[in-house]
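Undergrad: Residue numbers for the sequence shown follow numbering that gives the first Met the number 0, beginning at 0 and rising by one. Don't be surprised by glycine CBs; every beta carbon is placed ideally from N, CA and C. To start, I am sharing the structure in question, which I have written as structure tokens.
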Amino acid sequence: MTTQNTTCYCGNRQPYEDCCMRIHLDQKQAQTAEQLMRARYSAFAVQDINFLYESFYVATRGFQNKKEIQKWAEESKWLQLQIVRTNINTVEFEAHYLDAKLNLQIHHEISRFKQTEGIWYYVDGDLLS
């Protein structure tokens, strides 16, 4: 996927290279749970499966299937991220995407995050739709 001169997928209206790509490449740490959520959404859009896997909290990482994450990322066309509500450790969001059959889907979730030694991780989430 070409990312040069692309507006970041997370919706911040910055170039991807100056926004989430820096987090994906470990050049910058997410400063908040929302920033990590945005970086994870962008990682789905650019199919950065390693970032998605490594951004899981260590206690829940072992329960994740990288092949399933990759399949979902590859089969979907990611259209828009909408942050509904955020606080220190949770982010409610809607991820709009087209599935493999080109049907519009909305993944509505309340995600939980944990910060350990200054690094934010995705713990888990409750699917709302």
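Please say whether Glu108 and Leu80 have beta carbons closer to each other than 7 Å?
TA: Taking 7 Å as the Cβ cut-off, Leu80 and Glu108 do not qualify as a contacting pair.
Undergrad: Quick check on the DSSP output: the beta strand (DSSP E) that includes Glu91 runs from which residue to which?
TA: Segment Thr89 to Leu97, the beta strand (DSSP E) holding Glu91.
Undergrad: Excluding the 5 residues preceding and the 5 following Thr59 in the sequence, name in chain order all residues of the same chain whose CB lies nearer than 7 Å to its CB.
TA: Cβ neighbours of Thr59 beyond the five flanking positions: Val122 and Asp123.
Undergrad: Hey, could you find the ends of the beta strand (DSSP E) Ser110 is sitting in?
TA: Ser110 -> beta strand (DSSP E) spans Leu103 to Thr115.
Undergrad: Helix, strand or coil for Asp25 per DSSP?
TA: Three-state result, Asp25: coil.
Undergrad: For Arg84, which three-state DSSP category applies?
TA: The answer is strand: DSSP assigns Arg84 an E or B state.
Undergrad: If you run the structure through DSSP and keep just helix, strand and coil, what is Leu35?
TA: Helix.
Undergrad: If you reduce the DSSP assignment to three classes, tell me which class Lys100 lands in.
TA: Coil at Lys100, not helix or strand.
Undergrad: On the DSSP letters alone, give me the boundaries of the alpha helix (DSSP H) that Tyr8 sits inside.
TA: Taken as a continuous stretch (DSSP letters only), Tyr8 belongs to no alpha helix (DSSP H), as it is neither H nor E.
Undergrad: Note the first and the last residue of the continuous beta strand (DSSP E) segment covering Leu126.
TA: Here the beta strand (DSSP E) through Leu126 covers Ile118 to Leu126.
Undergrad: Please classify Gln63: does DSSP put it in a helix, a strand, or coil?
TA: It is coil, neither helix nor strand.
Undergrad: Could you give the first and the last residue of the continuous alpha helix (DSSP H) run that contains Glu16?
TA: It is not in any alpha helix (DSSP H) - Glu16 carries neither H nor E in the DSSP assignment.
Undergrad: Could you tell me whether the Cβ atoms of Gln104 and Ala72 are closer together than 7 Å?
TA: Not closer than 7 Å, so no.
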